[in-house]
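Report on one structure; see the data block that follows.
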Amino acid sequence: QLDDHRLSGAYQRPLSGHYFRMDLPQGHWRSRSLWDFELPQPGVGLHANLELGKTGQSLLMLTSEYRKFGKQISITVAQDYTPVRASFRLMQQIGLGLGLAALILVLVLQRITVRRALRPLETVREQIFQLQQGQRSQLDNQVPLELEPLVAQINHLLAHTEDSLKRSRNALGNLGHALKTPLAVLLSLALSGQLDANPALRKTLQDQLENIRLRLERELNRARLSGDALPGARFDCDTELPGLFSTLGMIHGAHLQLINDVEPGMYLPWDREDILELLGNLLDNACKWADSEVRLNILRQEQGFCLLIDDDGPGIPESQRAEVFSRGARLDEQITGHGLGLGIVRDIVEAWGGQLQLLESPVSGLRVRIDLPERTAP
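Residue numbers (this note's numbering): 900 to 1277.
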């Protein structure tokens, strides 16, 4: 006989989840907690996932057999481990959540670490873009130790490129001056009295020497273009345009009104010499043809810059505008250099990937429109 008072209250409370059953030779005894249900009897050993009727409880049950005083005794102990499994699922969910949070944290920290590690490279990239826009001439030397060789090599390359361009321009200038003297001598001989008896030969010599002069001047100017060779170059309109307008005013006289409509603070991200060559030729041609007014306007567009040069001269008929771009062509032989100047302009615009158009000006003359694309970051 067992003393019920020594049993845990869990075995007294119906369907508490704690159960036992003892099978004796003279009968069996079970816990009150089983109420009207019977424990499954799968056999000796440990068994799991056993159902207790329709209670929804999942039992973990252990059955053992003993022999005492010559009698066979079987004892079965069972426990509902549904709460334990629920706790395991909760722990799994918590663990999964913590693992996911840890993974996100690791990824965020990794991204922050990589961004910090690559921040000097981003700074160098921005400075290279500023070089391309003409806002600086070299990269900063204050960089991490690992980037110092790269920055030093880039700065050395920039200095070498600038020096090469300057030497090339000086050499071309010297070549131009060296060739002008022999050409002048040949032209003088062509005009001398020794050829009075042969006017056809004189005319042929004059024409060919003039062609050589025009071709030489054109090719020298074309070779001097830096294009994109000098990333640190830019043209300051506030600084350069007043001097250019003053020079044109002295050349073409006070009767011309030269109007600078360029907004203050405008910078063009191209080489100063190339821009002066471009605007100088366009404005000089406009002054030659204008009656009283020449106007320059530079507009910043979404995709780059737009240069507008207007004059109030006779203009050029639409059918003849294409002829202006031919090599050395002139629509009026009394005004020197019209075709040559626009030919140089065309070379510059093509080198920069731009577009040049001859249009009718709002002031009744000719409008030269040049669209130059933005120089983008690498």
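Virtual Cβ for every residue (Gly too), placed ideally from N, Cα, C.
Quiz item: Run through DSSP, which three-state label would K953 get?
Solution: coil
Quiz prompt | Enclosing beta strand (DSSP E) for R858 [first to last residue] | solution = Lying outside 900 to 1277, the shown extent of the chain, residue 858 is not represented and no answer is given.
Exercise. Specify, as a first and last residue, the run of the alpha helix (DSSP H) that P1216 falls within.
Key: Here P1216 belongs to no alpha helix (DSSP H), and DSSP marks it neither H nor E.
Self-check item: Cross-strand partners of C1205 (DSSP beta bridge)
Solution: L1198 and D1270
Quiz item: To the nearest angstrom, how far is it from the Cα of S1198 to the Cα of S1145?
Solution: For the record, residue 1198 in the displayed sequence is Leu; it is not Ser. Approximately 22 Å, taken between the alpha carbons.
Quiz prompt | For R912, the three-state DSSP class (helix, strand or coil) | solution = coil
Quiz item: Residues bridged to N1159 by DSSP?
Solution: L1195
Practice problem: Along the alpha helix (DSSP H) that carries Q1144, what are the first and last residues, could you check? | Solution: With the sequence shown as reference, residue 1144 is identified as Phe, and Gln is not the correct amino acid for it. Segment C1136 to H1151, the alpha helix (DSSP H) holding F1144.
Quiz item: Helix, strand or coil: which one does DSSP assign to G1236?
Solution: Its pLDDT being 40, under 50, G1236 is placed unreliably in this model, and the value from its coordinates should be taken loosely. Reduced to three states, the DSSP call for G1236 is coil.
Exercise. Rounded to whole angstroms, what's the CA-CA distance from D1231 to E1249? Just pull it up for me.
Key: Only weak support exists for where D1231 lies, its pLDDT of 46 falling under 50; the value from the coordinates is given anyway. For D1231 and E1249, the distance between alpha carbons rounds to 25 Å.
Quiz item: How many Å lie between L1115 and A1070 at the Cα?
Solution: 14 Å
Practice problem: With a 10 Å radius around its C-beta and 16 neighbouring C-beta atoms as the bar for buried, classify I1215 as buried or exposed. | Solution: buried
Practice problem: Report buried or exposed for H1237, applying the criterion of at least 16 other Cβ atoms within 10 angstroms of its Cβ. | Solution: Legend: pLDDT at H1237 = 41, less than 50; position of this residue unreliable, no value from coordinates given.
Exercise. Please check the pair D979 and Q1009, which I expect to be a contact at CB under 8 Å, by giving their CB distance rounded to whole angstroms.
Key: About 45 Å; that fails the 8 Å criterion.
Exercise. With DSSP collapsed to three states, give me the class of L923.
Key: strand
Quiz item: Among residues of its own chain, excluding the 5 on either side of G942, which ones have a beta-carbon nearer than 7 Å to its beta-carbon?
Solution: T962
Exercise. Classify R920 as buried or exposed, calling it buried when 16 or more other Cβ atoms lie within 10 Å of its own Cβ.
Key: buried
Quiz item: Is T1080 buried or exposed, if buried means 16 or more other CB atoms sit within 10 Å of its CB?
Solution: exposed
Quiz item: Does DSSP put N948 in a helix, in a strand, or in coil?
Solution: strand
Practice problem: Count the C-beta pairs between the region 1147 to 1163 and the region 1186 to 1195 that are closer than 8 Å, then say yes if the count reaches three, no if not. | Solution: yes
Quiz item: Hey, would you say V983 sits closer than 8 Å to V1023, going by beta carbons?
Solution: no
Quiz item: Among the residues of its own chain, which have a CB less than 6 Å from the CB of Q1254, if the five just before and after it don't count?
Solution: D1270
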